[in-house]
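>
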Amino acid sequence: MPALLNVSTPEPLPAGEAVTELAARKCLTENQIAAAAKFRALYFELAAARALLGDRHYRLVVSLIGQDHSLTEVTGNKRGRLTMVDNLRASLDDLAALWGLAARRRPRNGGE
Numbered sequence: 001m002p003a004l005l006n007v008s009t010p011e012p013l014p015a016g017e018a019v020t021e022l023a024a025r026k027c028l029t030e031n032q033i034a035a036a037a038k039f040r041a042l043y044f045e046l047a048a049a050r051a052l053l054g055d056r057h058y059r060l061v062v063s064l065i066g067q068d069h070s071l072t073e074v075t076g077n078k079r080g081r082l083t084m085v086d087n088l089r090a091s092l093d094d095l096a097a098l099w100g101l102a103a104r105r106r107p108r109n110g111g112e
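Numbering (this note's numbering), first residue to last: 1 to 112.
(1) To the nearest angstrom, how far is the alpha carbon of ALA51 from that of ALA97?
(2) Which ranges would you report for the alpha helix (DSSP H) in the segment 12–44 if only whole runs of at least 4 residues count?
(3) Could you round the C-beta distance between ASP94 and LEU53 to whole angstroms and report it? I think they count as a contact, below 8 Å.
(4) Thinking C-alpha only, which one of TRP99, ASP55, LYS78, VAL19 is nearest ARG40?
(5) Can you tell me the Cα-Cα spacing of ALA35 and GLU45, whole angstroms?
(6) Put MET1 into one of helix, strand or coil per three-state DSSP.
(7) What are the complete alpha helix (DSSP H) segments, minimum 4 residues, inside the segment 49–76?
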């Protein structure tokens with residue numbers, strides 16, 4: 001009986017090499033290469049956001065903004081909703097600062 005071929009899973013290529021190799025073989029179009037590059041950049045931006053916010057606040061932002069759930073879908077009581085709104089505001093402030101979108105705060109009532 002002939003020996004069976006070893007059909008193991010190949011070792012994964014280092015990050016970015018898979019797209020580079022496929023592009024070199026002309027297996028990807030320019031649009032596909034650009035889409036891969038954009039996805040990779042966005043992936044790392046979201047990873048930085050997750051690291052900054054922590055799992056709990058990241059899940060909150062994903063649920064309310066990314067998946068468009070309402071506050072009442074996420075929590076049923078008023079106290080929980082108020083807490084979530086406070087956490088969402090703080091998380092969005094952190095993301096604005098991370099992405100250079102934070103505006104300088106103006107003093108209230110003309111104070112310094």
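No residue lacks a Cβ here, since even glycine has one placed at the ideal position from N, Cα and C.
Quick caveat: nothing in here was measured; it's all calculated off a predicted structure.
The answer reads as follows:
(1) Answer to the nearest angstrom: the Cα atoms are 14 Å apart.
(2) 17–24, all fully within the segment 12–44.
(3) Going by Cβ atoms, the distance from ASP94 to LEU53 rounds to 6 Å, so yes, they are a contact pair.
(4) Selected option, being the one with the closest Cα: VAL19.
(5) So the two alpha carbons sit approximately 15 Å from each other.
(6) Residue placement at MET1 is poorly supported in this model, since its pLDDT is 48, which falls under 50; the coordinates still yield a value, given next. DSSP places MET1 in coil when its eight states are reduced to three.
(7) Listed in chain order, they are 71–74.
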